[in-house]
Amino acid sequence: MQIHNDNRRKMPKLNCPHCGGRCADVADAKLKNNSVLTKTESEPADFMIECPRCHKLFGLYIKMLHSA
22 MQIHNDNRRK MPKLNCPHCG GRCADVADAK LKNNSVLTKT ESEPADFMIE
72 CPRCHKLFGL YIKMLHSA
């Protein structure tokens, strides 16, 4: 079996705010630094994501989209 190296291991990770499990890979560190993960639905979020590990919802807020 051959393992394909697609550089995902080196990419910054977004971790679930509930369980700490990996939810997504981010293209670069600049985007990760401009992203905020929120636990509750009452806080503003651009995207709602379900954690593949604990199946709880959390919000992803991207600061760059709102700084105009």
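In the working numbering, the protein residues as written are 22 to 89. Quick reminder that beta carbons are idealized off the backbone N, C-alpha and C, glycines included.
Within 10 angstroms of the beta-carbon of cysteine 37 lie 16 or more other beta-carbons, which makes it buried. Bridge pairing for glutamate 71: Leu78 [DSSP].
In the DSSP assignment, lysine 51 falls within the unbroken alpha helix (DSSP H) covering 50 to 54. C-alpha of aspartate 67 to C-alpha of isoleucine 83: approximately 7 Å in a straight line.
Under the DSSP assignment, lysine 34 falls in the beta strand (DSSP E) whose first and last residues are 34 to 36.
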